[in-house]
Amino acid sequence: MDSKKIIAVVGATGAQGGGLCRAILGDKNGGYGVRALTRNTLSGKSKELKKLGAEVVSVDVDDVESLKRAFHGVHGAFCVTFFWEHFSPEKEIDEANNMAVAAKHAGVKHVIWSTLEDTRNLVPLSDSRMPTLQGKYKVPHFDGKGEANHVFTNQGAPTTFLLTSFYWENLIHFGMGPKKGSDGNLYFTLPMGDKKLPGIASGDIGKCAYAIFRRGREFTGKTVGIAGDHLTGGQMAAALTKALKQEVRYTDVSPDAYRGFGFPGADDLGNMFQFKRDFEEEFCGARSLEFSRSINPSMRTFESWLTENKDRIPLEEDARQASGE
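Taking this note's numbering, the leading residue of the sequence shown gets 168, the next gets one more, and so forth.
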């Protein structure tokens, strides 16, 4: 480990960080090692990373001194925040600031900040096309990350700003997969009309991040976006039909209807999908499939991801229909 360039990975047991850890640890002769940063070093995922060869270190991202210690002596740092644990953009901004301060203090040579667009640059708060949420955001889980970009720049940390895409794992873990309607048919619901949604296998984010670290200064100071596919809801439904061997019908609902579904974060996600729909050209354009495959030749398409994961997608009854809504 001493002779390797060490990458400190925030959120090492999460989807993005875990993918990066496995990408680095799977490349035995790559010259890089992993310092896996996590709140719980005794979790099953932490123990698995240690078994794979990672140095597993406890960190509190709300404590800048904890981060300074965790970043000490590392070559690179992968920084990510965890909106869905607390629903607070302000907390994300504070955590990003802690990471930026710690990275600068520790002399980290290359930071990757996993970020997203600040949607208010295209949809100002005065724009009534979508509701303003939490008083000052349009898409809170995007806007906090986008607003935090400047903290890395202000600190002078050599940073690559990585724009990610919709995880296809959301169909497994986030309740976004096809649902059985009261008629027995399967329906895949998005408020996207006929616009394309950039998507990615979460593990491929880590592979892309590892490639960016390996390319060194080429991407510092730059914003790069990644995706495995750009697909309409209809195209995703067709791929699901093929994989599941039963018909899946695409249901296009209005963003307003989606915001009203009532699950935690429905208003945020309704605004998010509306943003992606209304600004398809800009959003897809920031996530070039050609570039993504140039840095990660094994990047999965939606179809190849489904081949691996179709049996993990729960086909539940639609609770809204079941309750008569």
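The beta-carbon is built from N, C-alpha and C at its ideal position, and this holds for glycine as well.
Quick caveat: nothing in here was measured; it's all calculated off a predicted structure.
For VAL176, DSSP records a beta bridge to ALA203, PHE245.
Put simply, of VAL241, ALA244, THR408, ARG460 the residue whose alpha carbon is nearest the alpha carbon of ASP396 is ARG460. For GLY366, the enclosing beta strand (DSSP E) starts and ends at 364 to 367. Between LYS477 and ALA410, the CB-CB gap stays under 8 Å. With respect to GLY313, LEU283 sits close: the two C-beta atoms are nearer than 8 Å. In the DSSP assignment, VAL278 is bridged to ALA244, THR326. Going by DSSP, SER471 is part of the alpha helix (DSSP H) stretching over 469 to 476.
Contiguous alpha helix (DSSP H) elements confined to the stretch 286 to 338 occur at 307 to 322, taking only those with 4 or more residues. HIS397 carries a strand assignment under DSSP once its states are collapsed to helix, strand and coil. Pairing TRP335 with MET359, the inter-Cα distance amounts to about 16 Å. By the 16-neighbour rule on beta-carbons within 10 angstroms, ALA404 is buried. In the DSSP annotation of this structure, the continuous segment of the beta strand (DSSP E) that includes ARG416 starts and ends at 415 to 419.
For GLU222, the enclosing beta strand (DSSP E) covers residues 222 to 225. The secondary-structure analysis by DSSP pairs GLU484 across a beta bridge with LYS347. Going by C-alpha positions, SER233 is about 27 Å away from PHE386. For the options PHE254, ALA263, LEU209, GLY200, the alpha carbon positioned closest to that of GLY240 is the one of GLY200. In its chain, beyond the 5 residues on either side, PRO358, GLY437 have a beta carbon closer than 6 Å to the beta carbon of TYR425. DSSP places VAL231 inside the alpha helix (DSSP H), whose first and last residues are 231 to 238.
Residue nearest to PRO325 within the set VAL290, GLU257, ALA267, LEU187 is ALA267 (criterion: CA-CA distance).
Residues of the same chain with a CB within less than 6 Å of the CB of LYS362, apart from the 5 flanking positions on each side, are ARG444, GLU447 in chain order.
Counting C-beta pairs closer than 8 Å gives three or more between the stretch 255 to 262 and the stretch 300 to 318, which meets the contact rule. Taking the Cβ atoms as the reference, THR180 lies roughly 4 Å from LYS212, within the contact range of under 8 Å. Shown here for GLY383: same chain residues with a beta carbon closer than 8 Å to its own, the five before and five after excluded, namely HIS277 in chain order. For LEU283, no pairing in a beta bridge is given by DSSP.
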